[in-house]
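Just so we're aligned, residue 464 is where the sequence shown starts under my numbering, counting upward by one.
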Amino acid sequence: MAFIETDIAALEFNPFNKISRQWMLVTAGDGSRSNTMTASWGGVGIMWGKPVATVYIRPQRYTKEFIDRNEYFTLSFLPEEYRKALNVCGTVSGRDVSDKWQEAGLHPAEIDGTTGVEEADEIFVCRKLYAQEMLPQCFIDGECDTKWYPEKDYHTMYIAEIVKVLRKDA
Numbered sequence: 464m465a466f467i468e469t470d471i472a473a474l475e476f477n478p479f480n481k482i483s484r485q486w487m488l489v490t491a492g493d494g495s496r497s498n499t500m501t502a503s504w505g506g507v508g509i510m511w512g513k514p515v516a517t518v519y520i521r522p523q524r525y526t527k528e529f530i531d532r533n534e535y536f537t538l539s540f541l542p543e544e545y546r547k548a549l550n551v552c553g554t555v556s557g558r559d560v561s562d563k564w565q566e567a568g569l570h571p572a573e574i575d576g577t578t579g580v581e582e583a584d585e586i587f588v589c590r591k592l593y594a595q596e597m598l599p600q601c602f603i604d605g606e607c608d609t610k611w612y613p614e615k616d617y618h619t620m621y622i623a624e625i626v627k628v629l630r631k632d633a
């Protein structure tokens, strides 16, 4: 099924539902090699006069290697019928299986030199603008540090411009 480009201003998007409850797949790489992971932390908004998405990736995640090597990544939002696939993508590392896409029952979709997810209803194509490792000394509320980082495996925060929004063509 094909995707059509949509004006970002036309989105009816509740990030609290889409990201934290429905989850998203963060994907990077190209048509020959890519990886995807489930994320339920992130946000969307305006920064530096641009529409942006923020994502947070732990250092041990295989997808982080792909994001660090590439200028672009995607955020793919799938319908509820793919909840099992989202669980697989959140628990199975692409380092540990020969084909994570097959394991999850999903298909990579090459988009503008990066990769999205063919089964998605909506895809944001994102261009990295900023990356910063979260630092323990920057926590104002120390409980966030102790609760979420007992292994001290701090996320890297990526701020990326949303350069294109694609919707599944009905």
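For each residue, glycine too, the CB sits at the ideal point set by N, CA and C.
- Less than 9 Å divides the Cβ of GLU624 from the Cβ of VAL515.
- Between ASP575 and PHE540, the CB-CB gap reaches or exceeds 9 Å.
- With fewer than 16 other Cβ atoms from the protein chains shown falling within 10 Å of its own Cβ, THR609 counts as exposed.
- Under the three-state reduction of DSSP, VAL580 is assigned to strand.
- Within the same chain, Cβ atoms closer than 6 Å to the Cβ of ASN533 are found at ALA491, the five residues on either side in sequence being excluded.
- Each residue's CA atom was taken as its position, placing SER503 and CYS601 some 22 Å apart.
- Rounded to whole angstroms, the Cβ separation of TYR519 and MET620 is 5 Å, and the two are in contact under 8 Å.
- Collapsing the DSSP output to three states places GLU585 in a strand.
- With a threshold of 16 other beta carbon atoms within 10 Å, LEU629 meets it and is buried.
- When rounded, the separation of the alpha-carbon atoms in GLY579 and ILE622 is 18 Å.
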